[in-house]
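As numbered in the numbering used here, the sequence shown has no gaps in its residue numbers, which increase by one up to the final residue, 1532.
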Amino acid sequence: MQARYVVAGTLGLWCVATVALLFSAHGPDLTPTKLASAAAAIACLILSIRWATRQQPELVGVVGGAAMAVASLSQSLPLIGLGGCLLLAVLNSFGALIFTTRSIIVLMVIATGTAGVLGVQLAQRAADPAL
């Protein structure tokens, strides 16, 4: 039962942060990215509510991780998106305890790809004095 709260709390935290960033100057700046970010927040909220079988936590983890990656990549500032990568790391560390190897690999690919893209964006903006 406590495992459910870890995943639900992680997804719920990113859901709240994503919705808050929609109204921020540093959040998504284009309509498609705002829609993707809102859809990811809704997916995280729906997925974190309940599951009953062994496969459902894995589904919640993988789909929730993908939704967190979409929300992270849709932010206008890469530093904010990297905060989402931290939550992906929390989800991965939890997943290492109860998920299958396939699910852990999928989550690691999602997290690594997201962090890589955001790292490149951050490096491109390195001359920006706001960073």
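In this text, a Cβ means the ideal position worked out from N, Cα and C, and glycines have one as well.
Reference residue i; option with closest CA among the options
i     : options                       : result
G1482 : S1473, L1488 and L1489        : S1473
A1440 : A1468, S1425, Q1457 and Q1456 : A1468
7 angstroms Cβ shell around residue i - same chain, five flanking residues per side excluded
i     : result
T1501 : E1459
T1411 : L1488, V1491 and L1492
S1477 : H1427, G1428, P1429 and D1430
S1504 : E1459, G1462, V1463 and G1496
Y1406 : none
A1437 : V1471 and S1475
A1418 : none
V1510 : none
Residue i versus residue j: straight-line alpha-carbon distance, rounded
i     : j     : result
V1521 : G1484 : 15 angstroms
A1490 : A1470 : 11 angstroms
K1435 : S1475 : 7 angstroms
L1422 : L1414 : 12 angstroms
Q1525 : A1409 : 34 angstroms
L1498 : V1420 : 29 angstroms
Q1456 : A1527 : 42 angstroms
T1432 : S1425 : 14 angstroms
Cβ shell of residue i (< 6 angstroms), same chain only, five flanking positions each side left out
i     : result
L1523 : P1479
Own chain residues within Cβ distance below 8 angstroms of residue i, not counting five before or after
i     : result
L1533 : A question about residue 1533 goes unanswered here, because the residues of the chain that appear run from 1402 up to 1532.
C1486 : S1473, A1512, T1515, A1516 and L1519
| request: For the stretch 1501-1529, list the alpha helix (DSSP H) runs that are entirely contained and at least 4 residues long, ordered along the chain. | output: 1502-1525
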